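With our numbering applied, the sequence shown has no gaps in its numbers, which climb one by one up to 411 at the end.
Ideal Cβ placement from N, Cα and C applies to all residues, glycine included.
Note that the coordinates shown come from a computational prediction; the quantities given were computed from them, not determined experimentally.
The structure appears below as structure tokens.
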Amino acid sequence: QAALGGCFAVGAGVVQDEEEAVKLYRQAVGQGFAAAQHALGQCYAEGNGCVKNDVEAVRLYRLAAEQGFAGGQLSLGQCYLCGTGVAQHHEMAARFFTQAVAEAQMAFGICCMLGIGVAHDVAD
288 QAALGGCFAV
298 GAGVVQDEEE
308 AVKLYRQAVG
318 QGFAAAQHAL
328 GQCYAEGNGC
338 VKNDVEAVRL
348 YRLAAEQGFA
358 GGQLSLGQCY
368 LCGTGVAQHH
378 EMAARFFTQA
388 VAEAQMAFGI
398 CCMLGIGVAH
408 DVAD
């Protein structure tokens, strides 16, 4: 559902329909899918396929962040940094940015270890 929602969001293989994307993302959110939580949060943040609602975007980003989804952590950090949908709180922003970096470093380490997209290097 989340992947199909993404297709409708950008018109990949289907006619672009942001409202249909939101509908599909909501179904996936109901199943606890972190990527869908983040994607639906972005829809609310931008007002794509739904009424713009920064507070709802933050709620969805938080759900994704709590599952360790780096995109959710980054977006939530940006909300705290700018005070969008939440009270501005630089320490919270830094906390979520740090979590996102840790997720990215782990993923990059796996790429290095397996030689995916980079030279195979177990030392990195």
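Here's a check: name, in chain order, each residue in its chain whose Cβ is nearer than 8 Å to the Cβ of H377, leaving out the five neighbours to either side.
Y367 and L368
Check the C-beta distance from A357 over to E390 and give it rounded, since I have them as a contact under 8 Å.
4 Å
Going by other Cβ atoms of all chains shown within 10 Å of its Cβ, with 16 needed for buried, is Q386 buried or exposed?
buried
Sub-8 Å separation of G355 and E306 beta-carbons:
no
L347 CB to nearest chain D CB: under 8 Å?
Although the question refers to chain D, the structure presented lacks it and comprises just one protein chain.
By a C-beta neighbour count over all protein chains shown, 10 Å radius and 16 as the cutoff for buried, is G359 buried or exposed?
buried
Please report how far the alpha carbon of Y348 lies from the alpha carbon of L401, in whole angstroms.
30 Å
Per-residue DSSP class, three states only, for Q303:
coil
Alpha carbon of C294 to alpha carbon of G364, nearest angstrom
26 Å
Taking DSSP as the reference, what is the three-state secondary structure of F356?
coil
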